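Quick note on the numbering used here: the sequence shown kicks off at 172 and runs consecutively. Note that CB positions come from ideal geometry on N, CA and C, so glycine has one too. A quick note: this is a predicted structure, and the numbers were derived from the prediction, not measured. Structure, as structure tokens:
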Amino acid sequence: MELPWALMNPGDTYLLPDPGYPDYFSGAALGDVKFTTVPLLEENNYLPDLKAIPEAVARKAKFFYLNYPNNPTGAVATREFYEELIAWAKKYHVGIISDFAYGAIGFDGKAPLSFMQVPGAKDVGIEFYTFSKTFNMAGWRVAFAVGNADIIGALNLIQDHLFVSLFPALQYAAIDALKDPARDEAVAQIVHRYEERRNAFVNAAKKIGWQAFVPRGTFYAWMPVPKGYTSEQFADLLLEKGGVAVAPGNGFGKHGEGYVRIGLLMAPERLEEAVARIGKLNLF
Numbered sequence: 172m173e174l175p176w177a178l179m180n181p182g183d184t185y186l187l188p189d190p191g192y193p194d195y196f197s198g199a200a201l202g203d204v205k206f207t208t209v210p211l212l213e214e215n216n217y218l219p220d221l222k223a224i225p226e227a228v229a230r231k232a233k234f235f236y237l238n239y240p241n242n243p244t245g246a247v248a249t250r251e252f253y254e255e256l257i258a259w260a261k262k263y264h265v266g267i268i269s270d271f272a273y274g275a276i277g278f279d280g281k282a283p284l285s286f287m288q289v290p291g292a293k294d295v296g297i298e299f300y301t302f303s304k305t306f307n308m309a310g311w312r313v314a315f316a317v318g319n320a321d322i323i324g325a326l327n328l329i330q331d332h333l334f335v336s337l338f339p340a341l342q343y344a345a346i347d348a349l350k351d352p353a354r355d356e357a358v359a360q361i362v363h364r365y366e367e368r369r370n371a372f373v374n375a376a377k378k379i380g381w382q383a384f385v386p387r388g389t390f391y392a393w394m395p396v397p398k399g400y401t402s403e404q405f406a407d408l409l410l411e412k413g414g415v416a417v418a419p420g421n422g423f424g425k426h427g428e429g430y431v432r433i434g435l436l437m438a439p440e441r442l443e444e445a446v447a448r449i450g451k452l453n454l455f
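Next comes the structure, spelled out in structure tokens:
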């Protein structure tokens, strides 16, 4: 959220994914900058169609925020997409901001690809990584950024003035998390647990006729709303009639309308119970 303060002037424009993490939109307001949204559509596996971005929009943009594995859709980016993105960024002189918050959480035996693994990425952008998801340290605000030295330097200047530093105990905890010999095994267990939950939810949803894009990462499922309902109406109905809480998709942007986000944060049995309650409403 601090990037507009560090590297943009009031009135500048950056590109944001739609649907996308709501704090990206808040950053624009705090930095007094403008944004243009880029649709993430299921027919494109929730990846931006770079060729569909108008020339005038691309030339005006200063930065492009992306988040894969993606919140809220559960999509992951491919190497081919990142290669195309790097070439596009160089052509239009757009900085890429990759939010890799869910980088450890990939399913079906496939580790999510870091933007920084692709040659040329460091020339055009940076990548954020947080300990919140990988090590269950949400709320501790431990994270780092890697990549282009100029962008990192500007962000560091803002961070020094606004936040100074993290409480040392949190930094030592993060160091231990990284150095722990059992780290990889522990993270693999966490990912396996999320994959079990994904499978339980997706399979149960299919049985009631609620079919959707199968998440390939994160701990969310992005589900379509039945005809005749808006995202908020459907979310309200599930809460009031089924006792099931979901996030309405319109909170993630205009293109989130028509969807709800499911958090795969409960045991498989609880997720199956939630789907069973939804099934009793005879909506599908």
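Please classify I346 as buried or exposed, where buried requires at least 16 other C-beta atoms within 10 Å of its C-beta. exposed
Across which residues does DSSP place L187 in a beta bridge pair? T208
Simplified DSSP state of D294, which is helix, strand or coil: helix
Spatially closest choice to T244 from G202, A438 and V431, by CA coordinates: V431
For a test of the three-state rule: what should DSSP assign to F455, helix, strand or coil? coil
Close beta carbons around V247, own chain, < 8 Å, minus the five adjacent residues each side: Excluding sequence positions up to five before and after V247, its CB lies within less than 8 Å of the CB of Y239, P240, N241, G277, K281, P283, L284, R387 and G388, all in the same chain and listed in chain order.
Can G296 and G266 be called in contact, C-beta distance under 8 Å? yes
What residue range does the alpha helix (DSSP H) around L410 cover? It is not in any alpha helix (DSSP H) - L410 carries neither H nor E in the DSSP assignment.
Here's the rule I'm using: 16 or more other beta-carbon atoms within 10 Å means buried, otherwise exposed. How should A309 be labelled? exposed
The stretch 253-260 / the stretch 317-330 touching (three or more Cβ pairs under 8 Å): no
Reducing DSSP to helix, strand and coil, say where T305 ends up. helix
Collapsed DSSP secondary structure at L218 in the structure displayed: coil
Unbroken beta strand (DSSP E) run spanning Y236, endpoints: Taken as a continuous stretch (DSSP letters only), the beta strand (DSSP E) holding Y236 covers A232 to N238.
Proximal residues to L237 (C-beta, below 8 Å), its chain only, five neighbours per side dropped: The residues are P188, P219, A248, L256, I267, I268, S269, D270 and F286.
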